[in-house]
Structures are given as C-alpha cells and as structure tokens.
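Engineer: Quick note: the sequence shown uses our numbering, first residue -9, plus one each step.
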Amino acid sequence: DDSIEVCVSFMQECGQALEELSPASAHAIYERFRTILHEGEIDRRVQYVIEGLMEVRRKKYVDYPAVLEELNLIEEEDQITHEVDLLDDTIKGEETLNIFKAQPPEDYAADEAKWKHISAEILGLEDADGSDSSTDSEDSEAEKEADAKATQKIMDYTEQDLVNLRRTIYLVLMSSANFEESVHKILKLNISEGQEKEVCTMLIDCCAMDKTFNRFFALQAERLCRLQPAYQEYFAMLFDQQFATVHRLETNKLRNIGKFFAHLLYTDAVEWTILSQVKISEETTTSSSRIFIKVIFQELSEQWGIRKLADRLKDPDYENAVEGLFPKDNPKNMRFAINFFTAIGLGVLTENLRDHLQRAQAQQKLKAMEQQVEEESSSEESSSSSSSSSSSSSSSDSDSDSSSS
-9 DDSIEVCVSF
1 MQECGQALEE
11 LSPASAHAIY
21 ERFRTILHEG
31 EIDRRVQYVI
41 EGLMEVRRKK
51 YVDYPAVLEE
61 LNLIEEEDQI
71 THEVDLLDDT
81 IKGEETLNIF
91 KAQPPEDYAA
101 DEAKWKHISA
111 EILGLEDADG
121 SDSSTDSEDS
131 EAEKEADAKA
141 TQKIMDYTEQ
151 DLVNLRRTIY
161 LVLMSSANFE
171 ESVHKILKLN
181 ISEGQEKEVC
191 TMLIDCCAMD
201 KTFNRFFALQ
211 AERLCRLQPA
221 YQEYFAMLFD
231 QQFATVHRLE
241 TNKLRNIGKF
251 FAHLLYTDAV
261 EWTILSQVKI
271 SEETTTSSSR
281 IFIKVIFQEL
291 SEQWGIRKLA
301 DRLKDPDYEN
311 AVEGLFPKDN
321 PKNMRFAINF
331 FTAIGLGVLT
341 ENLRDHLQRA
351 QAQQKLKAME
361 QQVEEESSSE
371 ESSSSSSSSS
381 SSSSSSDSDS
391 DSSSS
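1. Leaving out the 5 sequence neighbours to the left and right, which residues in its chain are closer than 7 Å to M192 when beta-carbon positions are compared?
2. Within 10 Å of its beta-carbon, does T443 have 16 or more other beta-carbons around it, so buried, or fewer, so exposed?
3. Mind checking whether R245 and V285 have CB atoms under 8 Å apart?
4. Could you give the first and the last residue of the continuous alpha helix (DSSP H) run that contains A268?
5. According to DSSP, is G184 part of a helix, a strand, or is it coil?
6. First and last residue of the alpha helix (DSSP H) that includes Q222?
7. When burial is assigned at 16 or more other CB atoms within 10 Å of the CB, is Q232 buried or exposed?
8. Please report the Cβ distance between V(-2) and V39, rounded to the nearest whole angstrom; I am assuming they are in contact, meaning their Cβ atoms lie under 8 Å.
9. Assuming K304 contacts N329 under a Cβ cut-off of 8 Å, what Cβ separation, rounded to an integer in Å, is found between them?
10. Which residue wins for smallest C-alpha separation from A311, given the options L356, P321, T263 and K269?
11. Given 8 Å as the limit, is there contact between the segment 165 to 173 and the segment 210 to 229, that is, 3 or more CB pairs closer than that?
12. Mind reading off the beta-carbon distance from E188 to L152? Whole number of angstroms is fine, and I expect it under 8 Å.
13. Taking the alpha-carbon positions, what's the V338 to I296 distance?
14. Decide if the segment 198 to 208 is in contact with the segment 242 to 262; the criterion is three or more beta carbon pairs, one per stretch, under 8 Å apart.
15. Could you tell me the distance, in whole angstroms, from the CA atom of D53 to the CA atom of E45?
16. Please state if the CB of C196 and the CB of L228 are separated by a distance shorter than 8 Å.
17. Return helix, strand or coil for I112, following the three-state DSSP convention.
18. Looking at T340 and A352, is the spacing between their C-beta atoms short of 8 Å?
19. According to DSSP, is D151 helix, strand or coil?
20. Drop a sphere of 10 angstroms on the beta-carbon of A16, count the other beta-carbons inside from all chains shown, and report buried for 16 or more, exposed for fewer.
21. Helix, strand or coil: how does DSSP classify V173 here?
22. Assign G42 to one of three DSSP states: helix, strand, or coil.
23. Can you give the Cα-Cα distance for Q6 and I64, rounded to whole angstroms?
24. If you draw a straight line from the alpha carbon of I334 to that of S277, how long is it in whole angstroms?
25. Return helix, strand or coil for I32, following the three-state DSSP convention.
In structure tokens:
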C-alpha cells in the first residue's frame, strides 16, 4: 500500500510531463493502476487515492502542472544539456559532498556572498541591479543584517548537542552485531576533535551497567586505541577519574570496570603508566580502591598467568609505572603491600619486595647494634673518667694529712 501511494504521488507531479514525452509508458502505468483497483486486494483508503489520480488525469493535470509558471527558467536556446549515463562505471561521484561538515559563521557568510555574486552573473541580474539602485541598496542592507546575525556566536549552555551525541553513540553500541561493526560505525560518525572522550565514557558506562562483565565493550575500546592514539590518552584520563571516585561505585560496577581496564592492560592497548598514581598503603587506599586493584590484577593473572605477570612487573621498562604498587619507602608500607597481594592469592609478585624488606630489617638491626655498642663504649668512658677523678682527689687528701703531721 505504501508503494502504491508513492507511485500515485509521483504520477500526480510528473504525469503531465510523462504523457508529453512518452504517452505509451504513461498509458501502461495507468492500466496497471486500473488493474490493481479492479483486483480489490488493497486497502480502501488506497483505492480512493488511485481514484483521485484518475480524476487528476481526466482534468488534464490542471492542479499539477509539469512546469510552474512562476519559475524563472532559462530559454531553451540558452540551455546547456548534459546527458549522462547513470549506469556508466567510469563515473566517479563526489561522495564527500554528501557528508555534512560544520563551518564557522564567518566562512559561511563569505561563501554565501560569493554564491550570490556568481548566481547574479549567471542569471544576468547585474543590469537590473544598475537600474533599480534603491532596491539594490535595500537588499544590500538586508544582506548586511543577515551576515551580522550569521556572525553572531550562539553559546549553547543546555549541552543539547552533547546529549544527542551520547544518544547516537549509545544506539550504535546497542545495535551492532559485533565489536568490529560497532567500531566501524563509531568512526563513521565524524566525531570532532575532543569528543572522543564521550565515546570512551559511554563504553565504560555501558560496561558498568551490565550484570556481568561483557568483553564486547572492552574489545571496542582496544580496537579504538589501536586505530587512533587519542583514545589511549582519554582512557588513561578516565582511569584516573574512576580510581579517584571508585568509592562511589557499587560492587558489580566496580568489578566490571576493573576487568574493563585489565583487558586494556593485558592487550597493551593503553600504557601501563596509568598505574603510576596507584600507591598501596593503608593511608592512600580505601576498601573500594583495594577491591578495584584486586580485580585488575586477578584478571591479569587469569589472562596471562602468574609467571608472565611477575615478569612484566619486574621489567625495568615498567619499573616507574608499578613502583607505587610495591612501595619501598618504609617497612610499614612494604608489609602492607605484601599482606595485600598475599591475601588476594598473588603473593608470588612480592618476592622482590620481601627480599628488600629483609635487607631493610637487617640494616635496621645492624644500626641498632652499632648504636648500642656506641652507647656502651661511651658509658664505659664516662665511668673510667669518673673513677680516675675520684682516685686523684683521694691522693691529694692523703698528701695534705702527711704535711700537717
């Protein structure tokens, strides 16, 4: 029924021209309409539409002329006709012209002025402009006012464009059959510079909202990071934000986001420097942040194996990135980190930290013994000096007694 209505509308607008150019084709079309009408298998409303078309034809298309009289058409002898075969494979269409590109208001106003000048030359309106000077001046003033309005910059504080972008991204994510299709659609959205963060945010939020971890979103994030390095920076920025506000998340969301970033880490989609702000100590972590770190490292161990994970953490190239995970500043923090990784079943990762703690304790004991020896020697020296002073005083007393006798 919809197709028939489209055909009827087309014939109303173009029927007069079609009957002039090809009467046989027009007759065949109307015969087909008449056959459909006699079969009676279409809706009654559509039947009325076809009958209305027949009435328009009987009236010789009075209400639907092929060419409107008010149109300012070029004379036939001045027309230049370009005949193009639409089925020709050698024709290359400019597909980029179908893509909308935002343009600053100043450039838009300048392009509009150029186009008006070119159109005036083509249509021969320059003579008329010279004759009607008053009308031209009024038009020029109106154009100046329009250009001034076009150059005004409108600030949208409602962020409606941002809301529409997020809605579009969400629909793309939910309507894709696999992650390759979704990434392809996202890259086709022509997202402007700086809006990649919205894509990253939507991927993290969608992953967090699922009841269980869905690798579909993590695979998209991995592919985007490999295709465009800008996404790596935004995911690193969002990791810092998530870690700073992890105490606000529910346990299920916390676990999904942790596995999301763990996937990016073990696939090397993002740099391991995102872990540089993490410092494991009793003062710098909360229960939520410790669960977040636990989920990340347990996922890394599950995907890589404990031995490969240990080798990665011992790699000198990643030493600066993970030094906060294994602090060596004081024994208290070292014990806390060792106990933490041991409690989550990854005590193997703390072998170097255990050795460092033992050496630190041995040095402390050695320093304590040296201090004790120094204290004992100083006490012995003080006692010997006091005994010598007492003996000298006693000898001086005996000498005085002998002289008096």
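Just so you know, even glycine gets a beta-carbon here, dropped at the ideal spot from N, CA and C. Because the structure is a prediction, the values reported are computed rather than measured.
Structural biologist: So, to answer that:
1. R156, I159, Y160 and L163
2. Any question about residue 443 goes unanswered here, given that the chain covers just -9 to 395.
3. yes
4. Before going on, a small fix: residue 268 reads as Val here, not Ala. Counting along the chain, V268 falls outside any alpha helix (DSSP H), and DSSP gives it neither H nor E.
5. coil
6. A220 to A234
7. buried
8. 5 Å
9. K304 to N329, Cβ: 20 Å. No contact.
10. T263
11. yes
12. 7 Å
13. 8 Å
14. yes
15. 11 Å
16. no
17. helix
18. no
19. helix
20. buried
21. helix
22. helix
23. 20 Å
24. 13 Å
25. coil
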